[in-house]
Every structure is written in C-alpha cells, then in structure tokens.
Amino acid sequence: MPDRPDEYRAAEVETGWQTRWDVDRIYRLDLDTVPRAEKFYNLVEFPYPSAEGLHLGHVFTYGGADTYGRYLRMRGRRVFQPIGFDAFGIHTENYALKVGEHPARLTSRTVANYGRQLRRLGTAFAWDREVVTSDPSYYRWTQWIFLRLFDAGLAVRKTAPVVWCPSCLTVLAKEQLEGGDRCERCRTVVTQRVMEQWFLRITAYADRLLEGLDELDWPDFAKRLQREWIGRSHGVEIDFEVEDTDERLPAFTTRPDTLFGVTFLAVSPEHERAAELIGRFAVHPATGSRIPIHAADYVVGAYGSGVVMGVPAHDARDWAFAMSHRLQVRRVIDPGHAVLVGAWTGEGVLVDSGQFTGLASQSARPRIAGWLEERGAGRRATRYRLHDWLISRQRYWGPPIPIVYCADCGVVPVPDDQLPVLLPAVDDFRPSGNGLSPLASVESFVRTACPRCAGPARRETDVSDTFVDSAWYFLRYPSTEFNDTAWDPGRTARMLPVDLYAGGPEHVTRHHLYARFMTHALHDLGWVPFKEPFPRLRVHGTVLESGAKMSKSRGNVVNPDEHVERAGADSLRMYLLFCGDWQEGGEFSDAGLRGIVRFSRRLWRLLTSAHQPGRGAVDLAPLDRAVARIQREVERLKFNTAISALMELARWAERERPRMSAEEWSRTSRAITSSWRPSRRTWPRRRGRAWEVATRCTSSRGLSSIHGYLSKRRSRWWCRSTGG
Ligand SMILES: [Zn+2]
Ligand SMILES: [Zn+2]
Numbered sequence: 048m049p050d051r052p053d054e055y056r057a058a059e060v061e062t063g064w065q066t067r068w069d070v071d072r073i074y075r076l077d078l079d080t081v082p083r084a085e086k087f088y089n090l091v092e093f094p095y096p097s098a099e100g101l102h103l104g105h106v107f108t109y110g111g112a113d114t115y116g117r118y119l120r121m122r123g124r125r126v127f128q129p130i131g132f133d134a135f136g137i138h139t140e141n142y143a144l145k146v147g148e149h150p151a152r153l154t155s156r157t158v159a160n161y162g163r164q165l166r167r168l169g170t171a172f173a174w175d176r177e178v179v180t181s182d183p184s185y186y187r188w189t190q191w192i193f194l195r196l197f198d199a200g201l202a203v204r205k206t207a208p209v210v211w212c213p214s215c216l217t218v219l220a221k222e223q224l225e226g227g228d229r230c231e232r233c234r235t236v237v238t239q240r241v242m243e244q245w246f247l248r249i250t251a252y253a254d255r256l257l258e259g260l261d262e263l264d265w266p267d268f269a270k271r272l273q274r275e276w277i278g279r280s281h282g283v284e285i286d287f288e289v290e291d292t293d294e295r296l297p298a299f300t301t302r303p304d305t306l307f308g309v310t311f312l313a314v315s316p317e318h319e320r321a322a323e324l325i326g327r328f329a330v331h332p333a334t335g336s337r338i339p340i341h342a343a344d345y346v347v348g349a350y351g352s353g354v355v356m357g358v359p360a361h362d363a364r365d366w367a368f369a370m371s372h373r374l375q376v377r378r379v380i381d382p383g384h385a386v387l388v389g390a391w392t393g394e395g396v397l398v399d400s401g402q403f404t405g406l407a408s409q410s411a412r413p414r415i416a417g418w419l420e421e422r423g424a425g426r427r428a429t430r431y432r433l434h435d436w437l438i439s440r441q442r443y444w445g446p447p448i449p450i451v452y453c454a455d456c457g458v459v460p461v462p463d464d465q466l467p468v469l470l471p472a473v474d475d476f477r478p479s480g481n482g483l484s485p486l487a488s489v490e491s492f493v494r495t496a497c498p499r500c501a502g503p504a505r506r507e508t509d510v511s512d513t514f515v516d517s518a519w520y521f522l523r524y525p526s527t528e529f530n531d532t533a534w535d536p537g538r539t540a541r542m543l544p545v546d547l548y549a550g551g552p553e554h555v556t557r558h559h560l561y562a563r564f565m566t567h568a569l570h571d572l573g574w575v576p577f578k579e580p581f582p583r584l585r586v587h588g589t590v591l592e593s594g595a596k597m598s599k600s601r602g603n604v605v606n607p608d609e610h611v612e613r614a615g616a617d618s619l620r621m622y623l624l625f626c627g628d629w630q631e632g633g634e635f636s637d638a639g640l641r642g643i644v645r646f647s648r649r650l651w652r653l654l655t656s657a658h659q660p661g662r663g664a665v666d667l668a669p670l671d672r673a674v675a676r677i678q679r680e681v682e683r684l685k686f687n688t689a690i691s692a693l694m695e696l697a698r699w700a701e702r703e704r705p706r707m708s709a710e711e712w713s714r715t716s717r718a719i720t721s722s723w724r725p726s727r728r729t730w731p732r733r734r735g736r737a738w739e740v741a742t743r744c745t746s747s748r749g750l751s752s753i754h755g756y757l758s759k760r761r762s763r764w765w766c767r768s769t770g771g
C-alpha cells in the first residue's frame, strides 16, 4: 500500500477530520425529535473568557467531560453537549483593566479564541447553541429572572454590613472570599462597609437546599461542603436583660444545658450598640447574678444576633477569651473524669445547675429550653450560617439591574417589554471607588422616565454579579433560538434536568449552590418543572505543574496551543487524562506527554501496517476482558485506568499478532479502534478505504477522544465485543 504513511502526522489527521465534522454538523442534535429516554444532557461548566485563551487545566476538564459524552454517543445515547461563555463579570473586567482594553472588544476577541482552541481540541460541543452571557439576547433574560424574583419578594434591597474589595472597588458576596478574608479574584484583604444593596433571599430556601441534598447523586464531600456552608443549627435563643434597663439581648446557643455556666456576654464589635453596651452588666436569667458585657472579635456580627453567651468551662473560644480577660469560670457539666485544662465541650452530668442538677446534658437541653420558654426568657430557634446572596456590584461589566427609582412611586421594576436594559457603551469603564458603579456617571443612562407615573426617575446603576448569569445558563442552552422566552417549556421538559454536570471544586459553595437556589425558586414560581438542576454532579480535580496549581493569578498558565502543535490534540488530551484520576487531578510533565506521543505512534504503526496472517487459534479472551474493563472504567470517569488498560491491550496485540489469522487480527484491530469508531455506518465496506479508516480511527485515538465519528445509531460492534 504505497499511500500509507509510516509516520503519525497528528496535525494533518486531526484538522482534516475536524473540518469534516464541522461540515457534516455531526454534533447537532434535533431537540424537537430526540426521545426523552434517549437524551443525555452532558454539561460542563462554561469558561470565563478572562484571559487570551485556554490553559491546560481547561483541557483536562473539557477533555474528560467530552470523552464521557463521546462514550455515551457510542452507547446509543443522544448526547446534548452545549458550551458557551461566562463572559460578563469581574473576572473578564479585571483582565480588561489589566490589558487596557474595553471589555466588549476584549470579550469578542477572547471568546473567538477560546472557541478556536476548543474546536482544535476535537471536542464535540454543540456550537449551534453557544451562549454568551454578555450578549443582550442572553442578559435580557437574566434581567427578566431578577424581576420574577423581585415580584416574589426574593430580590430585596436592604442595608447591611457588606464585604468590600479595596482593589476591585466593589462589594462581594461572602461566597467570593478566599480563606475568609480575601477577594477570590485579586486576593486583596477585604474590608467591611455598611451599604444598601440588592440581595437574593437564598436564606428563605436554606431548609429546602439542605433537604434536597439527600436526593442528589453528588460526591460526599460536595454535599458536606454545602451542608456546612448552609450551616443549620438548632438551639435556643436566650434573653439576657441589660441591668437597670428594659432592654434584652438575645443570645443563640446550641447548648442550653450549659446555661448555669454563663459568666459573661460577648458582643460583636460590629454590633450596632456595641459602644454603649460594653462595660455594662447583664442579668443571668436563671441565677439573677450580674455578668459583665464584653466586646469580642470572635463573635460574628451578622451571624445570629451578634451576641454570644460566654461559657468558658464548656466552650473553647469562650475559654480563651475568659483566660485573657481574667473572667470567672463555672463548671456545670461533669464528664465523670478530671478535666486537666481548658474547656470540656462534651457531654456529662449537670452540676451546680439549680433544679436541673443531676440530669444528663442531652436530656437537660430540652428541659432547660422548655423552662426558659415558660418564663418568657427564651425560645427554641434555628440558625443558619448562610447569608442572603448579595448580587449588586459597583462595576461596569455586567447586566444592569432592571430597577428605576421614582421620587413619587419609589422602587419601580422595569416592565418586561422594556427589557433588556442595555449596558451603555462607555469609554471609561474603570471602577470609581466612591461606592457607585461607572454607570452612575452616564447621565443619559441614569435619567429616565418612571414606568409607572412617567415622571422623572433614576435608573439603578449597579450591575448584577456574574454568578447570577451562570445560575441559569443551563436552562437557556436548549432554547437559544427563542427570542420571546427565556426557555421554551416543551424543550425544557424534554431536555432537562442536566444528566451529568462536571464542575470544579471551587464552585460547590458558590455556583452550584446558587444554581440550586435559582432552580428551586423558579420551580416554586411555576417556571420550571423540576427543583434540582443537577441530580448528578461530578467534581474534577486540578492539574498541577511542578506541584503548583496552574492559575492565571500564579502566572504559571501553560497555553495548550504549543502542545497541540507539537504532540497533537489527541495525544495531549490522552496524556492529561492519563496523568491522574480525573476527579482528583494530576501533574503535568513534558516527559509524560512525550511518553504518550510515543504510544500514539506505536499504535498508529500497529493499526496501519499490513497483516501477515499466522497459524491462528489465538485465545482472544484477553481482548474481550480489556474492552469490558475500558468500558467499566470510563463509566466511572476513571479515564487514567481505562488508558492503562488500553496500553496493556496494545502490548498484548503486538505480541500475539504474528500468530493471528486474518480474521483474528481483524477482530483485534477493530476492537482496539472500536473505542474510537462508533458506527457500523462509518465502517468501510471497501478494502480500498483501509487507509482512510485507519486515519479516522487513530485521529481521535485515545480515550481522550473516544471516536472519530458520531453516529446516530447504536454501536453494534461495541456492544457485541463487550457482550452488551
Ligand atoms: Zn478584588
Ligand atoms: Zn413614578
């Protein structure tokens, strides 16, 4: 066969086939005819175009999600795998500030480049349904959703202590902090400000978000993180009278059994009345004794009432505070053994506790709670760590919040038929730092007519946060061609919820929580027929380079283009999926990539060289076992072990090949390539096309891109070879 190349030319093979896939539109899916039972909505988090292009971490993430989608296609599922860009927001705007380019211009360039790179990786995304959140055809509906939440009382304006990033010059949600006190985007230590802001009332859904977790097929750690983030605790709110006043300070505790051990009250320094309370005394509700009131940093202002009852004998932080302030310690729980130093926070028997002395601490809790309630000195209460979701940003690059302020009518929502409220084009988009968005200085934007009385009015000038854009994008994908509705009910009922969502660990307490809240709320308002958007979630790991996480802020981001050029997209993807467990992460090394390139070449030679038939009667059981194992591992998203199995299979095939009959080799070579070639329809009927087939098979070789050609039919060969 003179036309068979001896060498594997990745770039030639890959770009040839990628062009063909594009022309044939093989990744398009007719969403009006796909049977619900066959559809598979394979969703992966869309990227922020907050750099010039992709980094290797993206290739790891998208490579894994795409490989799984390809596998499902081979098994006959009708895979819907859309992609888009989370283009609005601080991420993109900060990059625009850094490079000194207007975010609108920047975004159109970077989105195009990300798209080029994703295509060049041979991914099977449905580009005909691309969503870009900064496009008015998208954010019109982001604003529409805000208005539905506003109508329902779930979007509210209130004054609250908020977190301010002195570098980004905007407020942030608490979820956007890293390590509790740094901005997640720029790592500046944040400060507090008291401002009037827009909030979404996610706390109204705290219980439902907690209870919904039980039903979800999510990694245990992700459920645990959300549970801890919501932080529900049951306890008692106990009233402490301030001496010589009628005032009562409520303090929440989960341990009312330690009531008799209270020796001080600690007030948050941010408590609105901290200044006048400090140095005074409160009255113990059970013993009537005087207890001092102190300010303590460990009392979080907005958590609960900002007042904590100090029980140094039975709480570690109260103990530390009492020691440094030389406060009294009263032990009221006896653990039955000596406590040498510090607080005893476990259970025990009550001592020095009035009529409750002698009770076990667990049974004392409801008794003391009931006793306080009877005397009107307290009440059972539930507390959450979760705060309402602060969504207003004093920045430029986001959807304007569709609200108008009228001197006569007050806060007036923009009518639906006036959406979108377009983001005005301004040259100076830099944040001002005076607590106002750059939009506030655009007079033509700010001055408007009140939709209710037609009198002069002012527009809200804050924009909403990126996480609002991404809290509903998965609803939009199946309905991108509808301009009169955010999502079409028929399409939504057919395609949603998402069958598998692949996301990053950093989003568990942010985006994943927000999207769940949004869907629950929209369900309650009758807009979507389900409550949980992501019944099945898998969290991918991170690729390290020399032990460090690759990220833009660390400046060690590797542009995948150079690797794609040198090694080929398929080898790069296969290597990244091989270098570690996809759900745990791996470490990138050039040497490792070279090893996979060698493997690709070996496989190429094995599959493209002419077979000289041997005697036959080779036991093909190892072949069937290997294929079954690869399938099993891919289903568990264990791509690294699937690739190992493939390597073993290739070695076995090389070894046994000289003895194989023509038929045995044909079956073996087809089994090796079948992972990458799904359809009988695309299998050659004429021998003359052998080279083309080999090219096609190896072009998308590797589990990284399981097959070359999408089929609308079930892969009979694959099923047969695995006994399926
Ligand atoms: Zn910042
Ligand atoms: Zn008015």
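My numbering puts the first residue of the sequence shown at 48, with every later residue one more than the last.
Glycine residues also receive a C-beta, built at the ideal position from the N, C-alpha and C atoms.
Is any non-hydrogen atom of ligand 1 found closer than 8 Å to the C-beta of residue i, if you look at the structure I gave you?
i: Arg477; result: no
i: Cys215; result: yes
i: Leu219; result: yes
i: Thr235; result: yes
i: Arg232; result: yes
i: Cys212; result: yes
Is any heavy atom in ligand 2 found nearer than 8 Å to the beta carbon of residue i?
i: Arg494; result: no
i: Arg505; result: no
i: Arg302; result: no
i: Val461; result: no
i: Ala501; result: yes
i: Asp455; result: yes
In whole angstroms, what is the alpha-carbon distance linking residue i and residue j?
i: Thr114; j: Arg649; result: 22 Å
i: Asn141; j: Glu148; result: 10 Å
i: Val60; j: Pro449; result: 50 Å
i: His341; j: Gly480; result: 34 Å
i: Val473; j: Arg187; result: 19 Å
i: Val203; j: Leu569; result: 16 Å
i: Val158; j: Arg702; result: 47 Å
i: Glu284; j: Arg432; result: 15 Å
i: Met694; j: Tyr109; result: 23 Å
i: Ile677; j: Ala692; result: 6 Å
i: Ala700; j: Ser647; result: 15 Å
i: His102; j: Val586; result: 18 Å
i: Val81; j: Thr539; result: 13 Å
i: Val555; j: Phe581; result: 12 Å
i: Cys233; j: Thr508; result: 24 Å
i: Val347; j: Gly259; result: 28 Å
i: Glu99; j: Val146; result: 10 Å
i: Asp133; j: Ser155; result: 12 Å
i: Val354; j: Arg295; result: 11 Å
i: Pro266; j: Ser280; result: 23 Å
Can you tell me whether DSSP reads residue i as helix, strand or coil?
i: His341; result: strand
i: His281; result: strand
i: Tyr524; result: helix
i: Asn89; result: strand
i: Gly480; result: coil
i: Thr62; result: helix
i: Thr300; result: strand
i: Gln244; result: strand
i: Val458; result: strand
i: Ile448; result: coil
i: Tyr548; result: strand
i: Ser726; result: Unreliable positioning characterises Ser726 in this predicted model, as indicated by a pLDDT of 32, which lies under 50. A coordinate reading is not provided.
Between the Cα of residue i and those of the options, spot the shortest distance and give me the residue it belongs to.
i: Arg120; options: Ala199, Thr235, Arg583, Tyr88; result: Tyr88
i: Ala84; options: Glu92, His105, His138, Gly123; result: Gly123
i: Phe521; options: Gly131, Leu78, Pro183; result: Gly131
i: Val458; options: Thr180, Ala504, Lys221; result: Ala504
i: Ile719; options: Pro669, Glu682, Ala367, Arg683; result: Pro669
i: Asp666; options: Trp651, Arg706, Ala322, Pro536; result: Arg706
i: Gly383; options: Glu394, Leu374, Arg377; result: Glu394
Return yes when the C-beta of residue i is under 8 Å from any heavy atom of ligand 4, and no when it is not.
i: Ala363; result: Ligands displayed in this structure: ligand 1 and ligand 2; ligand 4 is not among them.
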